[in-house]
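Below you'll find the structure, written out as structure tokens, and then a few comments.
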Amino acid sequence: MRTSRLGSVAAFGVAASLVLSGCGVGGGSGGGDSQQTVSSAGSLSGSIAFQTWSLKNATFTPYFTSLIKAFEKLHPGTAINWIDQPGANYPDKVTSQVTGDSLPDVVNLPPDIAHTVAKTGDLLDLTKNDPSIAQTYVASGLSAYEYKDTGTGGDSFAFPWYLGTDVNYWNKAMLAKDGLSTTDLPTSLDQLIADAKIMHDKSGGKDYLMSRAPGLMDFANAGAPLLDSAGTAFAFNTPAAVKVLQQYTAAYQAGYLPSNVLTSTYEGNSALFLKQEVAWTTGGGNYIQSTEQTNPSLVSSIVPSAAIGTPPLYVQGISVSSKSRNLPLALAFAEYVTNSANQAAFIQLAQGFEPGTKDASTLAATNDVGMQAQASAIAEKDVENGVNFTPPIWTSAMDTILNQQIALAMTGKESAKTALDNVVTQANALLGQ
Amino acid sequence: MTRRRSPKFDAVTPLGLTLRYTALCVVLLITIGPMLWELSTSLKSPFEDVYSSTPQLLPRHPTLHNYDLVAQTIPIWHFAENSVLVAVLGVGGNLVGATAAGYALARLRFRGRRLVTGLFLSTLVLPGEVTIISQYQTVTKLGFGDSLIGVALPGMIGAINVLLIRNAFRSIPDELEDAAVIDGANVWQRIRYIGLPNVKGILSVVAILSFIAAWDDFLWPLLVLQSPNKLTLTVGLSYLQGEFSADPRTIAAGTMIALVPILVLFAVLQRFFFRGVGEGAIKG
Amino acid sequence: MKAHRWYTPWLLVVPALAFLGAFSLWPAINTLLLSFTNVHTLTGGRFIGAANYTRLWHDPQLWDAIINTLLYMAVCVPLLTFLPLLLAMLVQRTLPFMGFFRTVFYFPVIASAVTVALIWQWLLDDRGLVNDLATEVGVVHKAVPFLEDRWLLLFSAIALTVWKGLGYYMVLYLSALGNVRRELHEAAAVDGAGGVRRFWHVTLPGVRGTTLLVSILIGVSAMRVFTELYILGGSTGGIGGQDVSLVFLIEQYGSGFDGQLGYASALSVLLFVLTAVPLIVLARLNRRNEG
Chain H
82 MRTSRLGSVA AFGVAASLVL SGCGVGGGSG GGDSQQTVSS AGSLSGSIAF
132 QTWSLKNATF TPYFTSLIKA FEKLHPGTAI NWIDQPGANY PDKVTSQVTG
182 DSLPDVVNLP PDIAHTVAKT GDLLDLTKND PSIAQTYVAS GLSAYEYKDT
232 GTGGDSFAFP WYLGTDVNYW NKAMLAKDGL STTDLPTSLD QLIADAKIMH
282 DKSGGKDYLM SRAPGLMDFA NAGAPLLDSA GTAFAFNTPA AVKVLQQYTA
332 AYQAGYLPSN VLTSTYEGNS ALFLKQEVAW TTGGGNYIQS TEQTNPSLVS
382 SIVPSAAIGT PPLYVQGISV SSKSRNLPLA LAFAEYVTNS ANQAAFIQLA
432 QGFEPGTKDA STLAATNDVG MQAQASAIAE KDVENGVNFT PPIWTSAMDT
482 ILNQQIALAM TGKESAKTAL DNVVTQANAL LGQ
Chain X
120 MTRRRSPKFD AVTPLGLTLR YTALCVVLLI TIGPMLWELS TSLKSPFEDV
170 YSSTPQLLPR HPTLHNYDLV AQTIPIWHFA ENSVLVAVLG VGGNLVGATA
220 AGYALARLRF RGRRLVTGLF LSTLVLPGEV TIISQYQTVT KLGFGDSLIG
270 VALPGMIGAI NVLLIRNAFR SIPDELEDAA VIDGANVWQR IRYIGLPNVK
320 GILSVVAILS FIAAWDDFLW PLLVLQSPNK LTLTVGLSYL QGEFSADPRT
370 IAAGTMIALV PILVLFAVLQ RFFFRGVGEG AIKG
Chain L
22 MKAHRWYTPW LLVVPALAFL GAFSLWPAIN TLLLSFTNVH TLTGGRFIGA
72 ANYTRLWHDP QLWDAIINTL LYMAVCVPLL TFLPLLLAML VQRTLPFMGF
122 FRTVFYFPVI ASAVTVALIW QWLLDDRGLV NDLATEVGVV HKAVPFLEDR
172 WLLLFSAIAL TVWKGLGYYM VLYLSALGNV RRELHEAAAV DGAGGVRRFW
222 HVTLPGVRGT TLLVSILIGV SAMRVFTELY ILGGSTGGIG GQDVSLVFLI
272 EQYGSGFDGQ LGYASALSVL LFVLTAVPLI VLARLNRRNE G
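Chains as they are written, first to last, in my numbering: chain H, 82 to 514; chain X, 120 to 403; chain L, 22 to 312.
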């Protein structure tokens, strides 16, 4: 090979390709019109696609099959094509659907994903198209889908569908073994850390109570406002948040948390709880029920308690694609899926969750027993008081920064103050890009 | 008086042999030790401690249970099929496409040959990672996003393979081909009867290397694929961690499922590989 | 002598050329164009001039990446230039089992970086084999935090790269050693040169071209390291996001729902420039050798 020519030829290749270059800067597709108005009142016909997220399983498949059948019977001549996407990588999936113009007509989206899709104009403004939206759906659910930077502000891009929260779960066998009360459970961060110390000392460092690094929720609970008063920039680097991070740092350095909570070998607090390596985890209202399937022997040791501080609120909603070719049918079906009767029926299967309409919860009868009944009751209360802590402008890139800085602080490489200052500065810088 | 033999500078002495094999065994331990340890972990039963103060290389209660568990949790055989498909497309594309181009660049005279060769050379300077995002956009625009063909496509004709094969074709003596031309052989016959038999060594190297490259690739399939039923083994394995809450035994089992087939394949074909290399195949 | 139709060569070349254009040349141009915009994954952007490039200058993670890359080079280039040569000399002779040793030494090359990194992750974990053995022997009292400390994690990744690269470069040297003429060794031996001296005066000069090639190749691949860091350090890039490389940053910024394609493209252009430098040096040196 005549490598001697490599340099000059390479230079030529690049130069030639520069000359050839035309336009073709990539990026998103042309957006749809989110502000159009649609009527679902007339007679409906045709077919649409309906996408759920991780709900195709023995529990929910029969529900959706009969739901769709009932709708098609109500409106002869319509066909609903149900697709379900698996749990992992849903954001990437939706991204490819948006760029490929193949977003289903009616789609189940959490608020953060819906935010990005709404920004491209691909979701229909539902406040504009459903005059009674505010009377029908719960306010906390609606507000999770209202974005300051898109639409007309104060308009919702989804019908709230089901709402979840975090409940505390404790392993009472482990608590008892290490001399902690199984009834008087921690209700504040201070108590939690104090108990974690006792557990650590009693078990010779083998058992752990806490097993996760702090996040936005913990700062908000300590009284730090996540956003500034205008709601357009982050501002949680307050003394209260710094104190929380300092407490976690001290606990971590004293060995009250497993040392790999910050590394790539961290398995998550729920996994560690199931393996009985830690005595505390947070989980959805149906955590006991799902543990029954995976780790039946553990169930008898679990006791639930209310979330520490203000409970978080996790919302799932049903959105309508603004590029749907059959908008009337799509809107009608989205309203149908989320009406009170259907939500009540759904919640009976999804134990520990609350419905997104105001009067569905009175329709839903619970048939839980034992500790699961207790957990469900706690969850119901937590949802009422719950707050969606994650601001819609918070992105995964910011989450990466947060995790990096928290890890730096907890390993003592940075002060808590510097770490939080860095997160806020860098996240705010990202907002501008 | 004995006649002096030529100096035995490379004579085999017992001491030399012992030293050589000792060194070889030490390196052997370093290279496959970690893999053996992983194999052993994958065979350990759930009640056998994988973290203990006295590590046991041999599992006390060997079991294939972890392999079962992997197969139950993620469709690993299906992932393996996907990986094989991508790898076979890569091998096929390179053998056909790179051979054709390599032959033309080495043995046929045509206007623009230098320019084309230069273009192939120039891309060696471009690391694939640099262009991966644009590559992704190209593949999705062609309609191959989230598909196995999309995964295989960019690797199907590698510039480096074109150049390797071109070099091999160039080393065939001109007289051979001239004689064939006089006998009236056309281009296809010349490739078939003179070209290919003389570049078998490098073709086997290209085939082996493209299979390995396709089988092992992680970043590219991670970007292209979304549907869980289309994942290749390397990407699918990274999901094991979450699904299993990172039980080292099952992760080890998944790792072995990805590793052992490719090692066996290489061991079977190693003679062709090292022969091809010996022919001076791999040179910048 | 015209032995083919004018279009035959083009028939043969066009498929390969099409792939080259679609997957190397066009993406390269597109990347360059994107680097002057603020395009995101879903939202089309606009031309913003050199803003992405000025942002590079102020990106603290980029400086971490560059420092890491330099360290990677400083350790990998000497180690991976000489260890594989010694290895190749060991397995080059026709003795029993050499085929076996060669094959097995190549195993780490074949194993995908993912597999290898998963194996190493568990070797280096707090409770992994390395820490077990070290505590057992009494070298350390407390587990060494390989995956928590910035530098320990980086050096673990480097060790992993070296381990994985040994076999590959061994093969390059095997090919080169075959070309060192035996008579030179014999002549040196007649002159009374021992093994060590023959290594310095016969073997090393004989493979000098390959040594140079190998060290440049290592330099370039050190620039492109990604998977080792990604799997050992996780998606945040180690505990404080300091165990990153350029490719790591490209991946981190460019992928995902809200990927900043414009900035990631600027990083790609930077990587291209940095990679082209050693390759141009190689081309220059080669020219000097030939001329």
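Yeah, the Cβ is synthetic: ideal placement off N, Cα and C, and Gly gets one too.
Residues of chain H with CB closer than 8 Å to the CB of residue i, please, in chain order.
| i | result |
| --- | --- |
| T257 of chain L | T481, N484, Q485 and A488 |
| E207 of chain L | By Cβ distance, chain H contributes nothing, its closest Cβ being about 31 Å from E207 of chain L, past 8 Å. |
Given that residue i touches chain L, what residues does it touch there, using C-beta distances under 7 Å?
| i | result |
| --- | --- |
| R139 of chain X | L111 |
| T374 of chain X | T136, L139 and I140 |
At least one CB of chain H closer than 8 Å to the CB of residue i: is that the case?
| i | result |
| --- | --- |
| D265 of chain X | yes |
| D153 of chain L | no |
| D147 of chain L | yes |
| P299 of chain L | no |
| I271 of chain L | no |
| I260 of chain L | yes |
| G254 of chain L | yes |
| P166 of chain L | yes |
| D264 of chain L | no |
| V396 of chain X | no |
State buried or exposed for residue i, treating a residue as buried only when at least 16 other CB atoms are found within 10 Å of its CB.
| i | result |
| --- | --- |
| G111 of chain H | Since pLDDT at G111 of chain H reaches only 47, below the 50 mark, its modelled position is unreliable, and the value read off the structure follows with that caveat. Burial call: exposed. |
| K163 of chain L | exposed |
| R26 of chain L | exposed |
| E294 of chain X | exposed |
| A96 of chain H | Confidence at A96 of chain H is low in this model, with a pLDDT of 28, below 50, so the placement of that residue should be treated as unreliable; the coordinate-derived value is given next. Classification of A96 of chain H: exposed, given that the 10 Å Cβ count is below 16. |
| T121 of chain X | Unreliable placement is indicated for T121 of chain X, whose pLDDT of 43 sits below 50; the coordinate value is still reported in the next sentence. Exposed. |
| K154 of chain H | exposed |
| S340 of chain H | buried |
| A500 of chain H | buried |
| L33 of chain L | buried |
| K150 of chain H | exposed |
| C104 of chain H | Annotation note: pLDDT 30 at C104 of chain H (below 50); position unreliable, coordinate value reported separately. Its Cβ having fewer than 16 others within 10 Å, C104 of chain H is exposed. |
Determine the chain H residues that contact residue i at a beta-carbon separation under 9 Å, and present them in chain order.
| i | result |
| --- | --- |
| T353 of chain X | What T353 of chain X touches in chain H: nothing, since even the nearest Cβ is about 15 Å away. |
With DSSP as the reference, please indicate the residues paired to residue i in a beta bridge.
| i | result |
| --- | --- |
| F131 of chain H | H:W163 and H:V187 |
| V384 of chain H | H:W251 |
| L144 of chain L | L144 of chain L pairs with nothing; no bridge assigned. |
| V396 of chain H | H:L244 |
| W361 of chain H | H:W251 |
| Q281 of chain L | L:H61 |
| V468 of chain H | H:P393 |
| L308 of chain H | H:F315 |
| P436 of chain H | H:Y243 |
| F68 of chain L | L:T58 |
| E272 of chain L | Beta-bridge pairing links E272 of chain L to no other residue. |
Taking only beta-carbon atoms, is residue i less than 8 Å away from chain L?
| i | result |
| --- | --- |
| T344 of chain H | yes |
| I439 of chain H | What sits at residue 439 of chain H in the sequence shown is Lys, not Ile. Not one chain L Cβ lies under 8 Å of K439 of chain H. |
| N420 of chain H | no |
| G237 of chain X | no |
| A478 of chain H | yes |
| V189 of chain X | no |
| D293 of chain X | no |
| L404 of chain X | Nothing can be reported for residue 404 of chain X, as the shown portion of chain X is limited to 120 through 403. |
Report the neighbours of residue i on chain X: residues whose CB is nearer than 7 Å to its CB, in chain order.
| i | result |
| --- | --- |
| N59 of chain L | Within chain X, no residue comes near N59 of chain L; the closest Cβ sits about 14 Å away, beyond 7 Å. |
Would you say residue i faces chain X, with C-beta separation under 8 Å as the test?
| i | result |
| --- | --- |
| P48 of chain L | yes |
| T136 of chain L | yes |
If the cut is a Cβ gap below 9 Å, which residues of chain X does residue i touch?
| i | result |
| --- | --- |
| R76 of chain L | Within chain X, no residue comes near R76 of chain L; the closest Cβ sits about 17 Å away, beyond 9 Å. |
Since residue i meets chain L, which of its residues come closer than 9 Å, beta carbon to beta carbon?
| i | result |
| --- | --- |
| S340 of chain H | D147, A164, P166 and E169 |
Ordered list of alpha helix (DSSP H) runs contained in the region 196-229 of chain L, each at least 4 residues = 203-211 and 216-219
Return the chain-ordered ranges of every beta strand (DSSP E) run that is complete within the region 307-390 of chain X and spans a minimum of 3 residues.
-> none
Would you mind listing the alpha helix (DSSP H) stretches within the region 252-305 of chain X that are 4+ residues and don't spill past its ends, in chain order?
-> 267-271, 278-289 and 293-301
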